[in-house]
Structures are given as C-alpha cells and as structure tokens.
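A.B. asks: For reference, the structure I am asking about is given below.
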Amino acid sequence: MEENPIRAPNDSSEAAALVPVHASDTEAYWRGYHAALAAQAPPDDGSSPRVRRTRVDGFDGARQVVFLEGVAEGLTVAAAAGRAGISVTAVYNFRNRRAGRAFNLAWEAASRRARRPLADRLHDRSLEGQTETFRDRDGEIVGTRHRHDNRLAMAMLTRLDRKAEGSQEDERLVTSLAEEFEELLDCIEEGGDAEGFIDERRPSDAPPAEREQEALRRRYEGIDPADIDISDLHFDEDHQWTADQRYRAEKAGFYERYWEAWEGPDGPKDDEWKLPAAYRDALRLRDHG
-2 MEENPIRAPN DSSEAAALVP VHASDTEAYW RGYHAALAAQ APPDDGSSPR VRRTRVDGFD
58 GARQVVFLEG VAEGLTVAAA AGRAGISVTA VYNFRNRRAG RAFNLAWEAA SRRARRPLAD
118 RLHDRSLEGQ TETFRDRDGE IVGTRHRHDN RLAMAMLTRL DRKAEGSQED ERLVTSLAEE
178 FEELLDCIEE GGDAEGFIDE RRPSDAPPAE REQEALRRRY EGIDPADIDI SDLHFDEDHQ
238 WTADQRYRAE KAGFYERYWE AWEGPDGPKD DEWKLPAAYR DALRLRDHG
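Residue numbers are given in the numbering used here: position 186 of the sequence shown equals residue 183, and the series is strictly consecutive.
Now the structure itself:
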C-alpha cells in the first residue's frame, strides 16, 4: 500500500487552516500553552537550583568576569571584549548605567591589577630593549633594529598612576578590591550582591574608635540586653576590659545591676547564686574587702 507522505502547506489557504479562526479558539490555545509551560517548570520550593538570569544584551556575569580577567592581564578594552564575546559599545553602555556600578569599580580594580605586569614589562624593556622588524611591500623581512624606547608605555604607566592618585577614598576602595579581586569576580559570576560586597569594603572617614563602636553596635543590634553574655566581666578588672567588653557592660546595664546589688539590703546576698560571676565577685569584695 502506498503511503501518503505528510505534505507541508504551500499556499495561504492551507496555512490559514492551521491557525485557530475564532478568538475563543486562540485564547484557549494560549491558555493551554502557558499551562503546559507551568507544568514543566520546577517547583518553587527552594529545592531546584537557582536559575541565573541572562541579560538581554548578553553581558551576563560570566562574560563580565571574562572581560575583567582580560583587563587584569593587560589586554586592551577591545581585546578583552572580544575574548568575552561582547561588543565594546555594550561594555561601555553597561558601565555607564546604574546597574553597572559594581562592574565599573571591578574594572578599576582590574586596571590596578594590570599595573604591576605592565611595570614589570617596562622594567624588562628598559634593561633588554626591544627588537623592531621591518618588512617590504610584499611582507618580506628586510631588517631589524634593537632599541630602547618606552615613551608610550611610560605614558600609559603615568596614566595609571594618576588614576591611583585621584580620590583618596576611591584609591583605598579600589586597592581593597584589587586585593580581593578573585572573590569579587566569583560574586559577579554567581549573580550575587556585588554592590553589597563592595560596600562592605568601602573605607569609612570616621576615626578608628568611631568605626570600632559602629561595628560593635551592629554586632549587638537587636539583641535583648538580658541575653548579652557578661560572664567574663569582673568589676575589679574593668580597667583592663577590651572595647567589646566595655560595650557589652554598657549594653547589658552591668554597672546599674552591680550598684543595685551593692546598695541593697541583705536580700541580694541570699540570692547570690542567681547572679552572674561578676556580681558575685562584687558582693564578695563588699563583704570581705
């Protein structure tokens, strides 16, 4: 028996027959289509792996990392963009947008990393010189010349130095990011909070003592004073306390509770076993000191 091959529609009438005519049919088709997609989607219960969103322009975290690694190796912007498979225009467009803040600072850190190999190459050239090759119109080598000329390279090095001498705050931040460049790249590639990563390393203009107090405030923020551990605090050693111990004593009301035990009647002594070690020491000092 001769089989009838499946024939593709070759005119508009046959093609039109494949498309739902009535609006209700079209609506039902798309409802079924989206229902099928929803059925195939993984459950949103945290058990499925995180899906990384891809940027519309293709410059996602993985490509950003490839580009930044190229810049850190000393490649030109065009060469680094070519390695990442993205256009130079797309790179600059992303850098200049609000979403590209972290990428912009990562670029500065990559440039800082590129300075050292450039300086090393310049040092080698200053000692060994470089060989230039001359060719004729046919591309044949007609001669070579060995010379020491690093004016262009020195100009590039000077430019990097001037950028490093810009804002002192930016300089410290970029230096910190350059020291943790690989960790920053991991954060960008994984689609993490790169801006949060950078903000955590942003230097503060406050004096060291104020920065330490701010760090302690954040550490114990939201903790009930009654839950703060003061078992290591001893009244007669308060002159040797660390900043952390002093902050905990103040936050937990150590001195107020101590003086309440000191000035009270004989009651607190009867309940001495309930007091922290620091208070028991204070009571012993009162009774035997």
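The beta-carbon is built from N, C-alpha and C at its ideal position, and this holds for glycine as well.
#1: If you run the structure through DSSP and keep just helix, strand and coil, what is F56?
#2: Could you name each continuous alpha helix (DSSP H) segment of 4 residues or more that falls completely within the stretch 227 to 251, going from the start of the chain to the end?
#3: Sorted by chain position, which residues of the same chain lie with C-beta nearer than 6 Å to Y244's C-beta, five sequence neighbours on each side aside?
#4: Output needed for R60: all residues of its chain with C-beta closer than 7 Å, excluding positions within five of it in sequence on either side, in chain order.
#5: Going residue by residue through the stretch 50 to 122, where are the continuous alpha helix (DSSP H) segments of at least 4 residues, counting only ones entirely within it?
#6: Per the DSSP calculation, T128 is bridged to which residue(s)?
#7: Classify I225 as helix, strand or coil using the three-state DSSP reduction.
#8: Start and end of the alpha helix (DSSP H) containing E187?
#9: Can you tell me which of the three DSSP states I138 falls into?
#10: So, are the CB atoms of R198 and L182 less than 9 Å apart?
#11: Any idea what DSSP makes of G43, helix, strand or coil?
#12: I need the straight-line Cα distance from G219 to H236, nearest angstrom please.
#13: Any idea what DSSP makes of G193, helix, strand or coil?
#14: Between S9 and the rest of its own chain, which residues show a CB-CB distance below 6 Å, the 5 nearest in sequence each way excluded?
#15: Which term fits G193, buried or exposed, when burial requires 16 or more other beta carbons within 10 angstroms of its beta carbon?
#16: Output yes or no for whether 9 Å exceeds the beta carbon distance between I185 and A96.
#17: Going by C-alpha to C-alpha distance, which of N90, N101, T86 and D133 sits closest to V62?
#18: Between A249 and W238, is the Cβ-Cβ spacing less than 9 Å?
#19: Assuming E105 and V171 form a contact by the criterion Cβ under 8 Å, report the distance between their Cβ atoms to the nearest whole angstrom.
#20: Just mark G264 as buried or exposed, buried being the case when its beta carbon has 16 or more other beta carbons within 10 Å.
#21: How many angstroms separate the CA atom of R49 from the CA atom of T73?
#22: Could you have a look at E218 and say whether DSSP puts it in helix, strand or coil?
#23: Classify E177 as helix, strand or coil using the three-state DSSP reduction.
#24: Going by DSSP in three states, R169 sits in which element: helix, strand or coil?
#25: Roughly how many angstroms lie between the CA atoms of Q127 and G79, to the nearest whole one?
#26: Here's the rule: buried if 16 or more other CB atoms are within 10 angstroms of the residue's CB, otherwise exposed. What is S108?
#27: For the putative contact between A111 and A69, defined by C-beta atoms under 8 Å, what is the C-beta separation to the nearest angstrom?
#28: Quick one: what does DSSP say R198 is sitting in, helix, strand or coil?
C.D. replies: Let's see:
#1: Looking at F56 - three-state DSSP - the assignment turns out to be coil, as it is neither helix nor strand.
#2: Counting whole runs of 4 or more residues, the stretch 227 to 251 contains the alpha helix (DSSP H) stretches 240 to 249.
#3: L213
#4: A81, G82 and I83
#5: 58 to 69, 74 to 81 and 85 to 92
#6: H143
#7: DSSP places I225 outside both helix and strand once states are collapsed to three, so it counts as coil.
#8: Where E187 is concerned, there is no enclosing alpha helix (DSSP H), given that its DSSP letter is neither H nor E.
#9: strand
#10: no
#11: Caution is warranted here: a pLDDT of 46 is assigned to G43, below 50, making its placement in the model unreliable, and no coordinate value can be reported.
#12: 27 Å
#13: helix
#14: The predicted position of S9 is uncertain, since its pLDDT is 45 and thus under 50; no value can be drawn from it.
#15: exposed
#16: no
#17: N101
#18: no
#19: 5 Å
#20: Low confidence applies here, because G264 scores a pLDDT of 47, under 50, leaving its location unreliable and the question unanswered by this model.
#21: Any reading at R49 must be qualified, since the residue scores a pLDDT of 42, below 50, and its modelled position is unreliable; the value itself is stated next. R49 and T73: Cα-Cα distance of roughly 28 Å.
#22: coil
#23: coil
#24: helix
#25: Near 27 Å, if we compare the C-alpha coordinates of G79 and Q127.
#26: buried
#27: Taking a contact as a CB-CB distance under 8 Å, the pair A111 and A69 counts as one, their CB atoms being some 6 Å apart.
#28: coil
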